[in-house]
Amino acid sequence: MFTGIVEELGTVISLKRGSKAAVLTIKANVIFEDLKLGDSVAVNGVCLTATHISGNTFQADVMNETFNRSSLGSLKKGSVVNLERATAANGRFGGHMVAGHVDDTGELVSVKQDDNAVWFTIKAPENIMKYCIEKGSIALDGISLTIAKLSDDTISVSMIPHTIKNTNFGYKKPGDTINLENDMVGKYIDKLLHFDQQETNDKHTNSTLTMEMLRNAGF
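Under UniProt numbering, read the sequence shown as residues 1 to 219, first letter to last.
See the structure below:
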């Protein structure tokens with residue numbers, strides 16, 4: 001489990017691809033304070049396992065399924081990536097619950113300066129948009145952010161200079177692919193609603209849980 005608070009920026013040393021998997025090597029600093037073999041590290045929001053550690057570099061295996069669902073396949077030598085270690089049980093929970101299981105990818109369509117903040121707008125697929133609400137949470141390349149604006153197919157977030165300086169969004173430009181992970185609370189609620197509706201249909205009973213009730217409760 002992660003919180004979406006990026007600890008540092010890492011640099012890709014290599015991405016060696018095989019027929020069914022790849023080995024990703026990343027150079028970093030802060031995360032090595034207590035990183036051990038087998039520990040989880042979120043790389044641009046994707047949960048990976050450290051399989052080899054040497055000095056200030058670590059390696060992780062990346063499966064084809066991960067490439068299919070994320071932007072990791074586009075990484076190359078010198079790429080800058082967001083890094084976050086798994087959250088300790090006694091750690092601060094500064095963002096929101098991030099699983100590190102990317103739901104899909106989106107395209108950065110615009111970057112606009114607004115005084116000292118910057119607006120980033122991402123075009124997202126329908127399966128992402130269905131779980132998005134204004135002022136709700138979303139993870140973009142592993143960064144916990146608040147959705148400031150929504151359209152039918154875009155998400156807009158506003159970032160302060162600190163976030164831009166300390167994440168890979170300082171390097172982003174229109175056309176780039178962004179890893180997207182919806183707030184898991186919304187996904188669980190959707191599952192419960194569908195399960196409840198199925199029981200209603202099967203048993204011909206009236207459900208007491210509705211989307212309107214959830215919206216009024218702030219979900």
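All residues carry an ideal CB built from backbone N, CA and C; glycine is no exception.
Model, not experiment: these values are computed from the prediction.
- Per DSSP, reduced to three states, the secondary structure at Ser74 is helical.
- In the structure shown, Phe58 adopts extended strand secondary structure according to DSSP, grouped into three states.
- If you look at Lys27, you'll find it in the beta strand (DSSP E) that goes 21 to 27.
- DSSP places Thr177 inside the beta strand (DSSP E), whose first and last residues are 177 to 182.
- Put simply, of Asp153, Lys123, Met159 the residue whose alpha carbon is nearest the alpha carbon of Asp176 is Lys123.
- Going by beta carbons, Thr121 and Ser137 fall outside the 7 Å limit.
- Residue state for Leu35 is assigned as coil, using DSSP reduced to three classes.
- Taking C-beta atoms under 8 Å as the contact rule, Lys27 and Thr11 qualify, at a distance of about 5 Å.
- DSSP places Phe120 in the uninterrupted beta strand (DSSP E) bounded by 117 to 123.
- As computed with DSSP, Arg17 is found in a beta bridge with Ala22.
- Taking 8 Å as the upper bound for CB-CB distance, Asp103 and Glu181 are in contact here, some 5 Å apart.
- Checking the DSSP bridge columns, you'll see Val81 partnered with Gly10.
- Comparing C-alpha distances from Arg85 to each of Asp114, Val41, His96 shows the shortest one belongs to Val41.
- Annotation for Thr87: Met1, Phe2, Thr3, Phe93 place their beta carbon closer than 8 Å to its own, counting only its chain and skipping 5 residues before and after.
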